[in-house]
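Comments concern the structure below.
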Amino acid sequence: MFVVHYSNMGKPERSPVYETEEEALKGAEFLKFQGAKRVRIVPSWKSEPAVWNWRR
0 MFVVHYSNMG KPERSPVYET EEEALKGAEF LKFQGAKRVR IVPSWKSEPA VWNWRR
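Under numbering that gives the first Met the number 0, the first residue of the sequence shown is numbered 0, with each subsequent residue one higher.
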């Protein structure tokens, strides 16, 4: 399972979860075609928000 992270007009966003890397590549190519910047594919477990807040 993969997620595509990208920047849309300076605002960081992420795509829905893709089942395969091939689907994620197609989604990333489409986002680049639409003008998204800093497009990268990451495993879905890596894109989850951090559970611990270390700055308490």
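Ideal placement from N, C-alpha and C gives every residue a C-beta, glycine not left out.
Using DSSP bridges, identify the partner residues of F1.
According to DSSP, which records beta bridges pairwise, F1 is partnered with Y17 and P42.
Rounded to a whole number of angstroms, what is the C-alpha to C-alpha distance between I40 and Q33?
Between I40 and Q33, the C-alpha separation is close to 16 Å.
Assuming K36 contacts Y5 under a Cβ cut-off of 8 Å, what Cβ separation, rounded to an integer in Å, is found between them?
The pair is a contact, with the Cβ atoms about 7 Å apart (cut-off 8 Å).
Sort out for me which residues DSSP pairs E22 with in a bridge.
DSSP, once it has assigned bridges, lists no residue as partnering E22.
In or out: F1 buried (at least 16 other Cβ within 10 Å) or exposed?
Buried, because 16 or more other Cβ atoms sit within 10 Å of the Cβ of F1.
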